[in-house]
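For any residue, its number in the numbering used here is found by taking its place in the sequence shown, counting from 1, and adding 2. Note that the Cβ used here is the ideal one computed from N, Cα and C, for glycine as well.
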Amino acid sequence: MTDPWSLEEELSRMVARVGVYLAHPRPGSFNHALFDAVVEELRSAGCEVVTHDLCAEGFDPVLGAGETETVDAVPVPPDADVASHQAELATLDALVFVHPNWWGMPPAVLTGWLQRVLVPGVAYKLATAGGEPVGLLRATRALVLNTSDTPEAREREEFGDPLERIWSACVLPYTGVTEVRRVVFRTVTGSTAEERDAWLERVRTEARRLANS
């Protein structure tokens, strides 16, 4: 006989509320296909999914002067859009970011989202001098999906894989996310339909892995 408490615990572990964020301005891009595939698979796995196409939504990435104070609280009342993102972020169990590699960085709209939304008092708590900050996010898992036209060996050996450092060292651990998985699809320019189909299947596998971890 199945233990109902064990079943309830397993379901609570598997079924999560996931935020999926897309940062690519061109409709019909392969990033959009990745976004659609991961959202569909997460929902099929039983996750509650909230989605944001940041470019299509017109998210303003420009950080205002009043938003730059590094204190243990939100320094100025955020505008309605930022406040909505911050409130929603507090309800998420996992995060997914989909974006291209542009100059070794996320697109400006996503960089601005990080700077405006992941502020002290919302995403982390500043520590005393010499101490480590304390992450405040409920989310402990993240999946980052990148497209690139740079061969893997060159990305790693010549450039030091800056996106890996950004996500896995500089941003997500700061907020309390302890499990960061990043998958890169390359090279996109010149790729075949068969290659892209295989990449989309890989994304579905990664989405299932996130949902069931």
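Do Leu139 and Asp178 count as a contact pair if the criterion is CB distance below 9 Å? If you number the sequence shown from 1, residue 178 lands on position 176. If you number the sequence shown from 1, residue 139 lands on position 137. Contrary to the premise, residue 178 reads as Gly rather than Asp in this sequence. Closer than 9 Å, so yes.
Return the first residue and the last residue of the beta strand (DSSP E) that Asp55 is part of. Indexing the sequence shown from 1 puts residue 55 at position 53. Element bounds for Asp55: 50-55.
At what residues does the beta strand (DSSP E) containing His101 begin and finish? Position 99 of the sequence shown holds residue 101. Taken as a continuous stretch (DSSP letters only), the beta strand (DSSP E) holding His101 covers 96-102.
Between which residues of its own chain and Gly106 is the CB-CB distance below 7 Å, once the five residues before and five after are set aside? By 1-based counting over the sequence shown, the position of residue 106 is 104. If we look at Gly106 and ignore the five residues flanking it on each side, its Cβ neighbours are Phe161, Pro164, Leu165.
How many angstroms separate the CA atom of Thr63 from the CA atom of Leu112? Translated into the one-based positions of the sequence shown, residue 63 becomes position 61. Translated into the one-based positions of the sequence shown, residue 112 becomes position 110. Before going further, note that residue 63 is Pro rather than Thr in the sequence given. Using only the alpha carbons, I get a separation of about 7 Å.
Identify every run of the beta strand (DSSP E) within the region 159-210, keeping only runs that are complete inside it and at least 3 residues long; order them along the chain. 181-188
Measuring alpha carbon to alpha carbon, tell me which of Gln88, Thr189, Gly60 ends up nearest Gly123. Here residue 123 corresponds to residue number 121 of the sequence shown, with the count starting at 1. The shortest Cα separation from Gly123 among Gln88, Thr189, Gly60 belongs to Gln88.
Whole angstroms are fine: how far does the CA of Glu197 sit from the CA of Glu157? Here residue 157 corresponds to residue number 155 of the sequence shown, with the count starting at 1. Here residue 197 corresponds to residue number 195 of the sequence shown, with the count starting at 1. Taking the straight line joining both Cα atoms gives about 20 Å.
When you compare the CB positions of Leu212 and Arg183, do they come within less than 9 Å of one another, or not? Position 210 of the sequence shown, counted from the first residue, corresponds to residue 212. Position 181 of the sequence shown, counted from the first residue, corresponds to residue 183. Their beta carbons are under 9 Å apart, which means Leu212 touches Arg183 by this criterion.
Nearest-angstrom Cα separation, counted from Leu147 out to Arg19: Here residue 19 corresponds to residue number 17 of the sequence shown, with the count starting at 1. Here residue 147 corresponds to residue number 145 of the sequence shown, with the count starting at 1. Looking at the two C-alpha atoms, the distance is approximately 18 Å.
Contained alpha helix (DSSP H) runs [length at least 4] in the region 104-136, N- to C-terminal order: 110-119
When the Cα of Glu181 is compared with those of Thr142, Leu65, Ala67, which residue comes out closest? As a working note, residue 181 is residue 179 in the sequence shown. Among Thr142, Leu65, Ala67, the Cα nearest to that of Glu181 is on Thr142.
Taking Gly21 as the reference, which of Val52, Ala125, Ala47, Ile168 has the closest Cα? Translated into positions along the sequence shown, residue 21 becomes position 19. The option with the nearest alpha carbon to Gly21 is Val52.
Identify, in the order they occur along the chain, each residue of the same chain with its Cβ nearer than 6 Å to the Cβ of Leu9, setting aside the five sequence neighbours on each side. Taking the sequence shown and counting its residues from 1, the one referred to as residue 9 is at position 7. Residue confidence is low: Leu9 scores 44 on pLDDT, short of 50, so the model does not pin down where it sits. Its coordinate-derived value is still stated next. Contacts found: none.
Comparing C-alpha positions only, which one of Glu159, Pro29, Ala82, Val100 sits nearest to Trp169? Taking the sequence shown and counting its residues from 1, the one referred to as residue 169 is at position 167. Trp169 has its Cα closest to that of Val100, out of Glu159, Pro29, Ala82, Val100.
When you compare each of Asp95, Asn103, Ala96, Ser86 to Trp115 by their alpha carbons, which one comes out closest? Taking the first residue of the sequence shown as position 1, residue 115 is located at position 113. Measuring from the Cα of Trp115, the nearest candidate turns out to be Ser86.
Report the option in Glu43, Glu154, Leu97, Arg210 whose CA atom is closest to the CA atom of Ala144. Within the sequence shown, numbered from 1, the residue matching residue 144 stands at position 142. Checking every option, the nearest Cα to that of Ala144 belongs to Leu97.
My assumption, with CB atoms under 8 Å, is that Val41 sits in contact with Val205. Please give the rounded CB distance. Residue 41 sits at position 39 when you count from the first residue of the sequence shown. Residue 205 sits at position 203 when you count from the first residue of the sequence shown. Their Cβ separation, rounded to whole angstroms, is 10 Å, which puts Val41 and Val205 out of contact at 8 Å.
Beta-carbon proximity check, Arg210 vs Ala47, cutoff 9 Å: Indexing the sequence shown from 1 puts residue 210 at position 208. Indexing the sequence shown from 1 puts residue 47 at position 45. Yes. Within cutoff.
Separation of Asn33 from Glu59, as counted between CA atoms: Locating residue 59 in the sequence shown gives position 57, counting from the first residue. Locating residue 33 in the sequence shown gives position 31, counting from the first residue. Whole-angstrom Cα-Cα distance: 16 Å.
Please state if the CB of His26 and the CB of Pro102 are separated by a distance shorter than 9 Å. Counting from one through the sequence shown, the residue named residue 102 turns up at place 100. Counting from one through the sequence shown, the residue named residue 26 turns up at place 24. Against a cut-off of 9 Å, the Cβ pair of His26 and Pro102 comes out as a contact.
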